[in-house]
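J.: Got a structure here, written out as structure tokens. Questions coming.
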Amino acid sequence: MSRMITYRDALVEAVTHEMRRDSSVFVYGIDVADHKRIFDSNKGLLEEFGPNRCFNTPLSEDAMTGFGLGAALNGLRPIHIHMRVDFMILAMNQLVNMISSFRYGSGGRFKVPFVVRAIIGRGWGQSFQHNKSLHSWVAHIPGLKVIMPTSPKDALGMTMAAIRDDNPVISIEHRWLYDALGAVSHTAETQPLTGAEVIHPGNDITILATSWMNIEAKQAAEVLGRRGVTVEVVDARSISPFDETVLVESVNKTGYCIVADNDWVHCGFGAEVAARISHTCFGRLKAPVERLGFAPTPCPCTRPLENAFYTGATEIIRTIESMLKLSPTDLSGEHFFSYEKKFKGPF
Amino acid sequence: MSRMITYRDALVEAVTHEMRRDSSVFVYGIDVADHKRIFDSNKGLLEEFGPNRCFNTPLSEDAMTGFGLGAALNGLRPIHIHMRVDFMILAMNQLVNMISSFRYGSGGRFKVPFVVRAIIGRGWGQSFQHNKSLHSWVAHIPGLKVIMPTSPKDALGMTMAAIRDDNPVISIEHRWLYDALGAVSHTAETQPLTGAEVIHPGNDITILATSWMNIEAKQAAEVLGRRGVTVEVVDARSISPFDETVLVESVNKTGYCIVADNDWVHCGFGAEVAARISHTCFGRLKAPVERLGFAPTPCPCTRPLENAFYTGATEIIRTIESMLKLSPTDLSGEHFFSYEKKFKGPF
Amino acid sequence: MKEKEIQLGLYRKVYLTRRAEDLIRAHYLEDGMKTPMHMSTGGEAISSGICEALQAEDQVLGTYRSHALYLSRTGESDLFFAEMYGKATGMAKGKGGSMHLTAADEGLICTSAIVASNIPVALGAAFANKMAGKESVVAVFFGDGAIDEGVFWESLNAACLMGLRVLFVCEDNGYAVHIPAHKRHGYQSITTIVSGFECDVWQSDSTDAWQIYLLAQQARAAAIQNNRPGFLHLKYYRYLEHVGVFEDFKAGYRSRTEFEPWLERDPVKIQRENLLRWLTEEAVLLLEKQIDQQIETSLQRAMEAPFADHSELLMDLYA
Amino acid sequence: MKEKEIQLGLYRKVYLTRRAEDLIRAHYLEDGMKTPMHMSTGGEAISSGICEALQAEDQVLGTYRSHALYLSRTGESDLFFAEMYGKATGMAKGKGGSMHLTAADEGLICTSAIVASNIPVALGAAFANKMAGKESVVAVFFGDGAIDEGVFWESLNAACLMGLRVLFVCEDNGYAVHIPAHKRHGYQSITTIVSGFECDVWQSDSTDAWQIYLLAQQARAAAIQNNRPGFLHLKYYRYLEHVGVFEDFKAGYRSRTEFEPWLERDPVKIQRENLLRWLTEEAVLLLEKQIDQQIETSLQRAMEAPFADHSELLMDLYA
Ligand SMILES: Cc1ncc(C[n+]2csc(CCOP(=O)(O)OP(=O)(O)O)c2C)c(N)n1
Ligand SMILES: Cc1ncc(C[n+]2csc(CCOP(=O)(O)OP(=O)(O)O)c2C)c(N)n1
Ligand SMILES: [Mg+2]
Ligand SMILES: [Mg+2]
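Chains as they are written, first to last, in the working numbering: chain A, 34 to 380; chain B, 34 to 380; chain C, 29 to 347; chain D, 29 to 347.
Written out as structure tokens, the structure reads:
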């Protein structure tokens, strides 16, 4: 039995569920317990669990990350939230020099159950200090797990699994996904923390997408589907460890692969995927793997340039056309997503 | 006319030369002006240029990086040194949220001539908090230039060029290279900040290496050369922007490519190179691009595991053998580099 | 300078700021300004008082809440509104938006949307000025939230150690977003603590721009004479929501009652009264009209200006 | 506990530490211990005094310079020497080395080689203990260099704000590597500044372990009673070079004259004298012999122990 909920409510449900079953779970961070509750993703937590398990902190990202480590080592299961991933940069020393290597460096004597939720933004002139994604950074460091739930199902199930995991897990959530509606099972169910998933089946070309780019890729698939080109969209789901099995299967079938990453291209996760697919599907690829992502600049504020900075369905469609040598589709009637017209429909 | 100098002396010469010709250049950082002078790479600077142009700072990496930005904006040309790249993680907020986007975000009204020298270590049980490399992190961020000089020629010429460049340049230097001897031209000459270089010619397979891995790759090339397998070693030199022209030429000739990066593999610079080569040399590759790097763990302290953590000439040789379907070379008589037996010979 | 001119300068600044923000509020819902707005309204005495005391060779840095700082420092509104509208005629061609204002020629180095990240930049700027033998100060503005961040303490320490002429201007509105200071600070008084550092400490909760001016003048002189930083702890009240153009007393984290005594001593009102000791009502009205016209014109120009060409996306990355 | 036992406990700790480091110095050049050595020699009074005052339920965290802390806290030397030799029998199977010591069962959470990075970890540990209703403290040791780092200030603030029972133990040897404190600090007195925070402040420059013990006992009791942190500023002299096993007075950044008065009041010597008020010379000699034997045996075992298997490289990454 399934039901439809939003990504936001899935996050709330995941955390509420875990906080109920395990009193060692707590949620903290800057503005976590104010009336806005991080875009309402912490709705009801303060009321139900009180200020010891849901609290605001000083503006001290670095110290408060170390704080989480200490709490985790002593048996608690902290969830630390950053309203923008850009602020997590201030916490990199703790994440990378301390947390990632803590278990290993102690010869396995400690475990670090620690969830970091970091939100990535876009649009309305957030500009260059509020638009980074950085999943490739954390994924580059052994000892950190990195996930990017896209569907409400994964927002629910992967967040639950992350909280239960005995290792540090960084979950990167795209703000535009919060209103997305999707089916989840009647009872809250965990989802595996790794393993890609086909979210739109097709035979002609494969797109591996991260986070919001799945929405863009699905729209591209729908547009092209109308002219008989079937596009398989694979949601990466996890960035580290990244399990490419499903993707490889898809590319072996289609012979074409595009990586649409919600990030810069150079030295990003897209490079990892392209390198792996080029390696594993060597000889079966009909064309080189193409990579799409942010323009190689900081994100500009003004809308026309901001739009040009991001990659979307249009660029995906054009890339597919050029790879499959198709004539350009007439896109004049299409309505693509934007800051004002976010995705809200069923996932 | 050329002469032989060590990498260390090349660094000293580069900075001294630039400080003489331009009084706006200064050098600062933790322990920069003590009697050890950052492994002697700042020899003589304090004596010649005084404490206003060569000075120690408090242990405040973040603030002192912002300090450098302010100085650069007001017309100075700072060189900030981190004894280990791991400490630069504390400065990421300034590097990534401020410095990388400063010029762009001001609509081009400011420039940021700022050099960061960061040293990467290895060996003698430095372990996991003193062994990172992180060039892929900074290279991932548009607006930062990233170089990894390997030869004394580049230590001299690229450092000079970095100091003259009007943009932030991060130079990552491997400690084991400091004693390497190499030819430089009689007068100090700048070298371009980007563009890979063939440092060992060959026809059978191409290795793209970064930093210390060039030494390992060259040794592998020499060992295999003795049995008639000619290996072309290409020094990446720059990580961002990375110009692959020379590499592509080499791979188009050999048909085989290994990337030997001084870093972890997942989402690293090696992935970028593999993705690009797989793309650009599509159809001309005789085998998939192979990637070598650190083991996917934090760096352990104890020597046997530390040795296993790093990749070296042996692994390169074995990889080449398996790609070219050669029988294993007898390596029992070979003396490979280690902490005690660092590379000192001519580059 | 004569007091009259200073009072006039102060009123120009507070009035320009208040009215420019009123204009933003009037037009924001039209969605032409696609950039998040952190309003200065209520804090005008601080930026005007300090900018009035600063000299041409001085420099300033601010936060994402820097409309007042920009307008007080430059007095201009064409580039300002154009940047709000993301137009090619903005000071950053629209690339920066409301959180990233610069005015290289007027010594506004930058404003930054990462809390406290502007603070250490002031040190390097002051160091460069010191090396150049300039007799100037660098004033860096930040909120009471910024002092939670480690880099504030690192910067304070280093500036004191190095004897840099930095004015640390803490604009304390008692909240970081919605979290009051006492829920973020493990101490009673920041000025007591900062007094332990080798700098001069100043404080005020005045909304009278003239008082702030006098204080800032002293602080500037002390920094230059003592060759060391000054720390200015200045209280004010943020009238509007953290980000956005509306009041937010209904949100519940603070009450209108808290606001009222501050509104009583509104900085624009007070400075108008100050000025009326030197100018007639008619003269003040005329001045106000000029400023109203200036910003109306700027707004109009901004609306009509073109966006930057798409090719601009890839420009300005490297020098 | 009776004073005699405490004096004995203190001497065990200082003597064990000093002798274990003497043994390291004697064998380091054999290159069996392939790990950088940051010696505690000279600082034994602090770690022993504090560890003696701490209870079993308390926890500690240290820096890369934590031989004394480890040995004082655990009293054991088998795992210790095995880790120095990188052997499978070390507490981290050789993965950590001298800079990364842990003793989960004895409450030594970690030691870290990134300056100040251990400080905030203490807060979370104390928070967990508070939530569990434990009556315990967490003592975090760091140097005078660590207080330069922003995270020290963030942590101090947060611990005071949250009323956490953390003992901030600043082991001040006056140098960070080779840079003296006055070239890094823009203030005269760290204790004056920290006094502005809501915590208790203690200080001493004693090398008498008993004095440190008494102070630590008070500090611990205060933290528990007042439900707030304590800051202990404790001076000592580092006898040897920053890293390595030799003296370094020839380097020129500090002089032997500076050292001599400290050597006069060497912590091992003083604590031996203290103990002689309770035990005979013979009893003390016997104790010393036992400890000498303990560490000799540990060293021997460490030398003979196997290295971890290569398969260990990939283990312990994830739980
Ligand atoms: C490093 C960092 N952390 C968090 C944020 C999110 N944030 C934006 S403004 C703000 C509050 C800052 O408060 P304060 O410094 O008092 O300035 P005010 O808004 O009151 O002017 C926060 C937490 C940020 N921009 N940067
Ligand atoms: C963040 C960071 N920056 C720089 C270093 C290099 N470093 C190692 S120890 C040290 C000095 C620390 O001095 P202090 O805290 O006084 O401790 P002490 O060595 O005197 O015990 C420095 C700068 C480091 N390990 N971590
Ligand atoms: Mg505030
Ligand atoms: Mg010290």
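Every residue, glycine too, gets a C-beta built ideally from N, C-alpha and C.
1) Confirm, please, whether the CB-CB distance from M159(D) to N85(A) is below 9 Å.
2) For L14(C), go through chain A and note every residue whose CB falls closer than 7 Å to its CB, in chain order.
3) Starting from D445(A), follow its DSSP beta bridges and name the residues at the other end.
4) Short check: CB of S164(D) to CB of D233(D), under 9 Å?
5) Below 8 Å, can you find three or more Cβ-Cβ pairs linking the segment 173 to 181 of chain A to the segment 228 to 236 of chain A?
6) Comparing the C-beta of D83(D) with each C-beta of chain A, is any distance below 9 Å?
7) Please confirm if A307(A) has its CB atom under 9 Å from at least one CB of chain C.
8) Is G202(C) near R93(C), with beta carbons less than 9 Å apart?
9) Which whole runs of the alpha helix (DSSP H) in the segment 273 to 339 of chain C are 4 residues long or more, in chain order?
10) So does Y92(C) have its beta carbon nearer than 8 Å to some heavy atom of ligand 6?
11) Run down chain B in chain order and give the residues with a C-beta less than 8 Å from the C-beta of L151(C).
12) Pull up the DSSP beta-bridge partners for Y215(D), would you.
13) Output the distance between the C-alpha atoms of A141(C) and R284(C), rounded to the nearest integer angstrom.
14) So which of H163(B), T239(B) and A269(B) has the shortest CA-CA distance to P225(B)?
15) So the candidates are K69(B), H219(B) and A308(B); which of them puts its Cα closest to the Cα of G280(D)?
16) If the cut is a Cβ gap below 9 Å, which residues of chain A does M119(C) touch?
17) Do you know how far the Cα of L57(D) is from the Cα of F274(D)?
18) For L97(C), which option in M119(C), T130(C), D106(C) and N302(C) has the closest C-alpha, if you only look at C-alpha atoms?
19) Please go through the same chain and pick out, in chain order, the residues whose beta-carbon is closer than 6 Å to the beta-carbon of T223(B), but skip the five residues on each side of it.
20) From A81(C) to Y241(C), what does the alpha carbon distance come to, in whole angstroms?
21) When you get a sec, list the residues whose CB is within less than 6 Å of any heavy atom of ligand 4, chain order please.
22) Tell me, please, whether the CB atom of G37(D) is closer than 9 Å to any CB atom in chain B?
23) Can you name the residues of chain D whose CB is closer than 7 Å to the CB of V179(C)?
24) If you measure from the beta carbon of M127(C) to each beta carbon in chain A, is any gap under 9 Å?
25) Specify the secondary structure class of K251(A) as computed by DSSP and reduced to three states.
26) Closest to E31(C) by C-alpha separation, out of L304(C), G118(C), G258(C) and F259(C), would be which residue?
27) Against P321(B), what residues of chain A qualify as contacts under a CB-to-CB distance less than 7 Å, listed in chain order?
28) Could you tell me the distance, in whole angstroms, from the CA atom of Q127(A) to the CA atom of G288(B)?
29) Determine, using beta carbons only, whether S437(A) comes closer than 9 Å to chain C.
30) Any heavy atom of ligand 3 inside 8 Å of the beta-carbon of E199(C)?
31) Tell me, to the nearest whole angstrom, how far the beta carbon of F196(C) is from that of F108(C); I am working on the premise that it is less than 8 Å.
32) Looking only at its own chain, which residues have a Cβ that is under 6 Å from the Cβ of W306(D), when we skip the five neighbours before and after it?
33) Name the two residues that bound the continuous alpha helix (DSSP H) containing Y39(C).
34) Give me the residue from P64(D), R300(D) and P208(D) with the minimum Cα distance to W238(D).
35) Taking 9 Å as the cut-off, decide whether the C-beta atoms of Y43(C) and N302(C) are in contact.
36) Whole alpha helix (DSSP H) runs in the segment 265 to 310 of chain A with 4 or more residues, listed along the chain?
T.: This is what the structure holds:
1) In the first sequence, residue 85(A) corresponds to position 52, counting from 1. In the fourth sequence, residue 159(D) corresponds to position 131, counting from 1. Yes, the Cβ-Cβ distance between N85(A) and M159(D) is below 9 Å.
2) Residue 14(C) is absent from the model: chain C starts at 29 and stops at 347.
3) As displayed, chain A neither begins before 34 nor continues past 380, which places residue 445(A) out of reach and without an answer.
4) Here the question's residue 164(D) lines up with position 136 in the fourth sequence. Here the question's residue 233(D) lines up with position 205 in the fourth sequence. In this structure, D233(D) does not lie closer than 9 Å to S164(D) by Cβ.
5) Judged by pairs of C-beta atoms under 8 Å, the segment 173 to 181 of chain A does not touch the segment 228 to 236 of chain A, as fewer than three such pairs exist.
6) Within the fourth sequence, residue 83(D) is the residue found at index 55, counting from 1. Checking the sequence, you will find Gln at residue 83(D) rather than Asp. It does not: the Cβ of Q83(D) has no partner Cβ on chain A nearer than 9 Å.
7) Taking the first residue of the first sequence as position 1, residue 307(A) is located at position 274. Taking Cβ atoms only, chain C never reaches closer than 9 Å to A307(A), which makes this a no.
8) Residue numbering aside, residue 202(C) sits at position 174 when the third sequence is read from its first letter. Residue numbering aside, residue 93(C) sits at position 65 when the third sequence is read from its first letter. Result no, Cβ atoms of G202(C) and R93(C) do not sit closer than 9 Å.
9) List check, alpha helix (DSSP H) in window: 284 to 292, 295 to 304 and 309 to 332.
10) This structure simply doesn't include ligand 6; it includes ligand 1, ligand 2, ligand 3 and ligand 4 instead.
11) In the third sequence, counting from the first residue as 1, residue 151(C) sits at position 123. By Cβ distance, chain B contributes A96, G99, F100 and G103.
12) Translated into positions along the fourth sequence, residue 215(D) becomes position 187. According to DSSP, which records beta bridges pairwise, Y215(D) is partnered with F225(C).
13) For the purposes of this step, residue 141(C) is taken as the residue at position 113 of the third sequence. For the purposes of this step, residue 284(C) is taken as the residue at position 256 of the third sequence. If you take the alpha carbons of A141(C) and R284(C), they lie about 27 Å apart.
14) Locating residue 225(B) in the second sequence gives position 192, where the first residue counts as 1. Considering only alpha carbons, the answer is A269(B).
15) Counted from its first residue, the fourth sequence places residue 280(D) at position 252. Out of K69(B), H219(B) and A308(B), K69(B) has the C-alpha closest to the C-alpha of G280(D).
16) Numbered from its first residue, the third sequence carries residue 119(C) at position 91. Correct list: empty, because the minimum Cβ distance to chain A is about 12 Å.
17) Within the fourth sequence, the letter at position 246 stands for residue 274(D). Within the fourth sequence, the letter at position 29 stands for residue 57(D). Each residue's CA atom was taken as its position, placing F274(D) and L57(D) some 11 Å apart.
18) Against the third sequence, residue 97(C) aligns to sequence position 69. Comparing Cα positions, the closest option is T130(C).
19) On the second sequence, residue 223(B) is found 190 positions in, with the first residue counted as 1. Closer than 6 Å at Cβ, skipping near neighbours: G190, M193 and A194.
20) Looking up residue 81(C) in the third sequence gives position 53. Looking up residue 241(C) in the third sequence gives position 213. Answer to the nearest angstrom: the Cα atoms are 6 Å apart.
21) G171(D), D172(D), G173(D), N201(D), Y203(D) and A204(D)
22) Looking up residue 37(D) in the fourth sequence gives position 9. No, its Cβ sits nowhere closer than 9 Å to a Cβ of chain B.
23) The residue given as residue 179(C) occupies position 151 in the third sequence. Here the neighbours are G178.
24) What you label residue 127(C) is simply residue 99 of the third sequence in a count that begins at 1. Cβ-Cβ to chain A under 9 Å: yes for M127(C).
25) As a working note, residue 251(A) is residue 218 in the first sequence. K251(A): helix per DSSP, three-state reduction.
26) In the third sequence, residue 31(C) corresponds to position 3, counting from 1. Nearest of L304(C), G118(C), G258(C) and F259(C) to E31(C), Cα basis: L304(C).
27) Within the second sequence, the letter at position 288 stands for residue 321(B). Per Cβ cutoff of 7 Å: S311, H312 and F315.
28) Taking the first residue of the first sequence as position 1, residue 127(A) is located at position 94. Taking the first residue of the second sequence as position 1, residue 288(B) is located at position 255. Each residue's alpha carbon lies about 43 Å from the other.
29) Nothing in the structure corresponds to residue 437(A), since chain A is present only between 34 and 380.
30) Start at 1 with the first residue of the third sequence, and residue 199(C) comes out as number 171. Yes, the Cβ of E199(C) comes within 8 Å of a heavy atom of ligand 3.
31) By one-based count along the third sequence, residue 196(C) stands at place 168. By one-based count along the third sequence, residue 108(C) stands at place 80. Going by Cβ atoms, the distance from F196(C) to F108(C) rounds to 25 Å, so no, they are not a contact pair.
32) Walking along the fourth sequence from the start, residue 306(D) turns up at place 278. Around W306(D): K32 and Q35.
33) Position 11 of the third sequence holds residue 39(C). E31 to H55 is the span of the alpha helix (DSSP H), which, as asked, contains Y39(C).
34) In the fourth sequence, counting from the first residue as 1, residue 238(D) sits at position 210. Per the Cα distances, R300(D).
35) The residue you call residue 43(C) lines up with position 15 of the third sequence. The residue you call residue 302(C) lines up with position 274 of the third sequence. The answer is no: Cβ separation not under 9 Å.
36) 278 to 287
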